[in-house]
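Working notes, structure below.
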Amino acid sequence: MRKRNKTGAKAAMCGRKREQRIVCLMSDEELRIVDRYLAHYKITNKSRWFRETILGFIHKNMEDDYPTLFGEHDMRR
Numbered sequence: 001m002r003k004r005n006k007t008g009a010k011a012a013m014c015g016r017k018r019e020q021r022i023v024c025l026m027s028d029e030e031l032r033i034v035d036r037y038l039a040h041y042k043i044t045n046k047s048r049w050f051r052e053t054i055l056g057f058i059h060k061n062m063e064d065d066y067p068t069l070f071g072e073h074d075m076r077r
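According to the UniProt record's numbering, the stretch in the sequence shown is residues 1 to 77, in order.
Here is the structure:
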């Protein structure tokens with residue numbers, strides 16, 4: 001029988017160990033909202049969901065804010 005790797009699949013794929021911690025404080029109501037969402041969509045790994053959601057949002061905003069040679073108005077003409 002093969003030994004299982006206890007690190008996450010994505011962490012093992014990129015070869016980097018997650019060692020940095022971010023702490024986020026929430027109110028009781030905010031936590032209930034998040035927990036209800038996770039239960040509704042049957043998401044069991046909360047930290048992975050937070051990481052993917054936050055990084056996805058940042059990545060999308062960075063793509064939208066990427067500098068272009070022409071302004072949006074000029075490109076729509």
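Quick reminder that beta carbons are idealized off the backbone N, C-alpha and C, glycines included.
Rounded separation between residue i and residue j - CA only
| i | j | result |
| --- | --- | --- |
| Asp28 | Asp35 | 10 Å |
| Thr68 | Phe57 | 20 Å |
| Tyr37 | Ile43 | 8 Å |
| Ala39 | Gly15 | 31 Å |
| Leu55 | Asp64 | 14 Å |
| Met75 | Met26 | 42 Å |
| Glu72 | Cys24 | 36 Å |
| Lys46 | Leu31 | 12 Å |
| His48 | Phe70 | What sits at residue 48 in the sequence shown is Arg, not His. Near 37 Å, if we compare the C-alpha coordinates of Phe70 and Arg48. |
| Ile33 | Phe50 | 13 Å |
C-beta neighbour in chain D for residue i, strict 8 Å
| i | result |
| --- | --- |
| Val23 | Of the chains in the structure shown, none is chain D; there is only one protein chain. |
Neighbourhood of residue i by C-beta distance below 7 Å, restricted to the same chain and skipping five residues each side
| i | result |
| --- | --- |
| His59 | none |
Complete runs of the beta strand (DSSP E) confined to the region 27 to 54 [at least 3 residues]: Assignment of beta strand (DSSP E) within the region 27 to 54, counting only whole runs of 3 or more residues, yields no such run.
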